[in-house]
Amino acid sequence: MAEITHWADVVAEETLERGNTHLVATGITPSGHIHVGNMREVVTADAAYRALLDKDAKAELIYIADTYDPLRKVYPFLDESYEEHVGKPLSEIPCPCGECKNYADHFLQPFLDSLHRLGIKPEVYLADELYKSGRYNEAIKTALKKRDEIAAILKEVSGKEPTDDWNPFNPICMKCGKINTTKVTDFDEMEETVDYTCSCGHSGTVPMQGGGKLTWRVDWPARWQILGVTVEPFGKDHASRGGSYDTGKRIAREIFGYEPPHPIVYEWIMLGKEGAMSSSTGVVVSIADMLKVVPPEVLRYLIIRTKPEKHIRFDPAQPLLTLVDQYEKLHHTGGNSEYDRRVKELSHASGLCHTDIPFKHMTTIHQVAHGDFDRILKIVERAGYDTKNTECIKQLADNVGNWLDMYAPPFAKFSVQEKLPELAATLSDKQRAFLTTLADALEESAELDGSDYHNLVYSAKEEEGRLHRDMEKVLGEEFTIGPKDLFKALYISLLGQASGPKAGWFLSSLEKEFLIRRFREAAAYRP
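As numbered in the numbering used here, residues 180 to 706 make up the sequence shown, in order.
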């Protein structure tokens, strides 16, 4: 059977047919919280970049923040004071918290910090700085001179006819500061200026250098030419027939004389049952928040393991534990194929430490210890895990604590009761016999690990099992009992509820003397 090639390596091979030097670009508008859905864009770009480097290509990775885009509306997370800023470039709007240099920076900085933790280190470009530095001047002149040709391309490709007063350049009004309410009336190529009128009633002249920006469908292909982009991922909305990539290809070739980059089209990341993540609708889980919950490599793995053209369903509640389990298995085993090993390699984020404690087990340990790190370390040591690297264990414990606080469903949470729960009064005679014989067995045994506890509990239901024989002596008769009733007796005695975490791990996290005392107390309890 032929080995499957990872999608990032396929992209690299296709791209290398165009030469050995490449610039991989990714870009997101910082109009709101940059979320896990946006992460697909940057991780996809980074995977392609790494694959190119692995094939000895000369490659660079850049990130462009569209900081000169206008604020389109007052989003749910903004107060009404932002109504006056709708239509202004993001870089020219005050920061929501008052501590960053502008609105765009407020949302951009946490994202850039997250990128670093994900092991992604692009050269960062800010669109407002590119325009203000004059990097776009020649493209603006070209677009203004070839306005009619661009309009014809837009009509032919998208099927939408631009209005008579449409223009590829949007000036920023010097009075109201808005960029989406102006119309170009003339321009001076030699002076590099643009005349405009604004719906606010003002008219004037702005410099091409920083006085406005190209419309998106023209800005994108201009950017390819200005920066030399050869590879770029983008969402399926841009890739639709007649969409911005289709018009961009034509504009790049026919207006700017540049070959468009190799496209990597990706599907959306869906948030549970709520649909595609979107900053504007508030359906988001921020990358910064997720990095409080899971290691960066787990988030990379979420993207790396799935082909870009397939959608990803992401749920930070209970399904997140399954994702972590899958990654931990891959990390510790290396996988069963070359493809698995490549997924592991591309998921790697440098500078991280690892522990052999499973995330799921730590959810049990953390709750048994009530979050106390000294108690967590004692339980970890008793469970037989390596405790030399306390920093790694602390990181995992913090991740788990945040998950429990932020996303864990109610059924995943528990608390070991300091006193015998009153629910112990509902235990049957068989369950009481089970707890009595289990306490006896623990008193006679050495320290047990999770697997030992698991086997000991199950021996109560097996006719030849040690606990089963002892229970028959206590009851004075033959009987049968199902595993569900056994586990229910444990959880009622310790948690005051009918269900709980994986029993073996759970019991091994508690001190044996406490278990013996509690089980005897529960078996004898008759209010």
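Every residue gets a Cβ at the ideal spot worked out from N, C-alpha and C, and that includes glycine.
Item: Cβ neighbours of Glu182 in the same chain (closer than 8 Å, five flanking residues each side left out); Value: Ser516, Glu517, Tyr518
Item: Cα-Cα separation, Trp582 to Leu525; Value: 25 Å
Item: Ile572 versus Asp584, Arg696, Asp535, Pro600, residue with shortest Cα-Cα distance; Value: Asp535
Item: Minimum C-alpha distance to Pro588 - residue among Gln497, Leu232, Leu250, Ser312; Value: Gln497
Item: N- and C-terminal bounds of the alpha helix (DSSP H) containing Gly580; Value: 569-585
Item: CB of Tyr242 within 8 Å of CB of Thr205, strictly; Value: yes
Item: Opening and closing residue of the beta strand (DSSP E) in which Thr361 lies; Value: 361-367
Item: Pro498: first and last residue of the uninterrupted alpha helix (DSSP H) it sits in; Value: 497-512
Item: Range covered by the beta strand (DSSP E) that runs through Ala244; Value: 237-244
Item: The stretch 635-651 in contact with the stretch 556-573 per 3-pair CB rule at 8 Å; Value: no
Item: Any non-hydrogen atom of the ligand COA within 7 Å of Leu686 CB; Value: Because no ligand of any kind appears in the structure shown, any question about the ligand COA cannot be addressed here.
Item: Nearest-angstrom Cα separation, counted from Asp425 out to Asp307; Value: 25 Å
Item: CA nearest to the CA of Asn446, picked from Lys691, His201, Gly216; Value: The displayed chain sequence assigns Glu, not Asn, to residue 446. Looking at the Cα atoms, Gly216 is the closest of the given residues.
Item: Contact between the stretch 668-675 and the stretch 610-623 (3+ Cβ pairs under 8 Å); Value: yes
Item: Closest residue to Tyr327 among Ala562, Arg561, Ile434, Tyr247 (Cα-Cα distance); Value: Note that residue 327 is Asp in the sequence shown here, rather than Tyr. Taking only the C-alpha atoms, the option nearest Asp327 is Ile434.
Item: The stretch 272-279 touching the stretch 324-341, judged by at least three CB pairs closer than 8 Å; Value: no
Item: DSSP beta-bridge partners of Thr376; Value: Lys362, Ser382
Item: The stretch 543-561 in contact with the stretch 484-499 per 3-pair CB rule at 8 Å; Value: no
Item: Span of the beta strand (DSSP E) around Met449; Value: 448-450
Item: Given Leu481 as reference, the closest of Thr512, Asp468, Lys523 once Cα atoms are compared; Value: Lys523
Item: Residue closest to Glu411, alpha-carbon to alpha-carbon, out of Asp225, Tyr637, Glu692, Trp186; Value: Asp225
Item: Outcome for Asp504 when other beta-carbon atoms lying within 10 angstroms are tallied against a minimum of 16; Value: exposed
Item: Tyr315 versus Gln388 - alpha carbon distance; Value: 7 Å
Item: Simplified DSSP state of Asp409, which is helix, strand or coil; Value: The amino acid at residue 409 is misidentified as Asp; the sequence shows Thr. Coil.
Item: Boundaries (first-last residue) of the beta strand (DSSP E) holding Lys428; Value: Here Lys428 belongs to no beta strand (DSSP E); instead the alpha helix (DSSP H) covers 423-433.
Item: Proximity below 8 Å, CB of Pro301 to CB of Leu240; Value: yes
Item: Where the beta strand (DSSP E) containing Arg492 begins and where it ends; Value: 491-493
Item: Sheet register partners of Lys392 (DSSP bridge); Value: Asn349
Item: Given Ser708 as reference, the closest of Asp245, Ile558, Val477, Tyr282 once Cα atoms are compared; Value: Because the chain is modelled from 180 through 706, residue 708 falls outside the range shown and cannot be assessed.
Item: Contact the stretch 394-410 vs the stretch 427-441: 3+ CB pairs below 8 Å; Value: yes
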